[in-house]
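Residue numbers (mature numbering (1 follows the signal peptide of the UniProt record, and there is no 0)): -25 to -1, 1 to 103. For glycine and all other residues, C-beta sits at the position ideal for the given N, C-alpha and C. Remember, it's a predicted structure, so these values are computed and weren't measured experimentally.
Shown next, in the form of structure tokens:
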């Protein structure tokens, strides 16, 4: 009984050794060399690869957006909140003035404030 186990083990080990001798060991690096290495790509190849990646990304995002629009439908509408507080009104007026540009600036009448305004005297050091 022990001899049969030993003979099976011996036959299996001989078979493994024969297979190992007939196989040639290949380095793992050859499998890695088949994949493109970014350092070895030319500038044009890198540009084309980047363009393809960007195009795939844009197509993926466009399809996701279309799916979202199909699922949501037109039941949701975007509305801007109305704000009537003094801060909101001030910001709206400031935005209007900045967008109008030179229209308001040409019609602007300066007020009498500042160091040279009427009623204010300039002090000279010689008067003391």
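For residue 71, the uninterrupted alpha helix (DSSP H) segment begins and ends at 61 to 75. A Cβ-Cβ distance of about 10 Å is found for the pair residue 16 and residue 25, leaving them out of contact under the 8 Å criterion.
A direct Cα-Cα distance of roughly 14 Å separates residue 41 from residue 32.
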